[in-house]
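Going by our numbering, the first residue of the sequence shown is number 3, and it counts up by one from there.
To keep things clear, I will list the structure first and then write my remarks on it.
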Amino acid sequence: KKLSAELANGRLAMMAIIGMFFQDGLTGSAWGDWALYTDSPLRAFEGELGVQAPLGYFDPLGFSKDGDADVFYRRRCTEIKNGRVAMIACMGYIAPEFSRFPGYCSPSDGVRFVDIPNGLAALGKVPAGGLGQWIAFCAFLEVYAAKQDK
């Protein structure tokens, strides 16, 4: 058990010293102030919407390291749009647990809303016409309605 703790602490110390070397190379001090390192292209987006403490501008994979504002804008719009889709998807999973629409989803096929299961199992119960409407609505939002202003 002591050896396991020592290994874990040693690994942490190795990461810390590499971080200190890196920071020393950028700011001139292992305990330097990152505010002094203003040459980084990562600073280009520090004032943008969504930058939050304690991380500041969070781009762990370095997609925005070139500082291209147009590419950043496109990615930000995509992030907002995908976030909205994820929120709606969460509500789509949660809401049917508590209530259902009355009546039929497809009167011609005899499919009632209460007969449609929750989650991904619903894809097998909803008629093809309903899935087509869903896809057409999503395409409409993607092409026309979900535009981000500059």
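Here a beta-carbon is modelled for each residue, glycine too, at the ideal position from N, C-alpha and C.
Since this is a predicted model, take the numbers as computed values, not measurements.
If you drop the 5 nearest sequence neighbours on each side, which residues of the same chain put their C-beta closer than 7 Å to that of residue i?
i    : result
R102 : F115 and V116
If you measure between the beta carbons of residue i and residue j, is that distance less than 8 Å?
i    : j    : result
C216 : V128 : Residue coverage of the chain in this structure runs from 3 to 152, which leaves residue 216 outside it and unanswerable.
Below 8 Å CB to CB, which residues in the same chain sit around residue i once its five sequence neighbours on both sides are set aside?
i    : result
G105 : R114 and F115
Between residue i and residue j, what straight-line distance do the alpha-carbon atoms span, to the nearest angstrom?
i    : j    : result
P119 : E144 : 27 Å
I82  : S6   : 43 Å
A138 : A124 : 18 Å
C79  : E99  : 31 Å
R13  : L63  : 22 Å
A97  : M89  : 12 Å
A141 : A91  : 16 Å
G21  : N84  : 33 Å
I19  : Q135 : 57 Å
M93  : A15  : 43 Å
G126 : P109 : 17 Å
Between residue i and residue j, which are expected to be in contact by the criterion C-beta below 8 Å, what is the C-beta distance as a whole number of angstroms?
i   : j    : result
F65 : R76  : Wrong, their Cβ atoms sit about 11 Å apart, outside the cutoff.
Y95 : G121 : 6 Å
If you drop the 5 nearest sequence neighbours on each side, which residues of the same chain put their C-beta closer than 6 Å to that of residue i?
i    : result
A10  : none
D111 : P129
G132 : none
D72  : none
Query raised in the report: Which runs of the beta strand (DSSP E) spanning at least 3 residues fall entirely within the segment 89-126, listed in chain order?
Result: Listed in chain order, they are 106-108.
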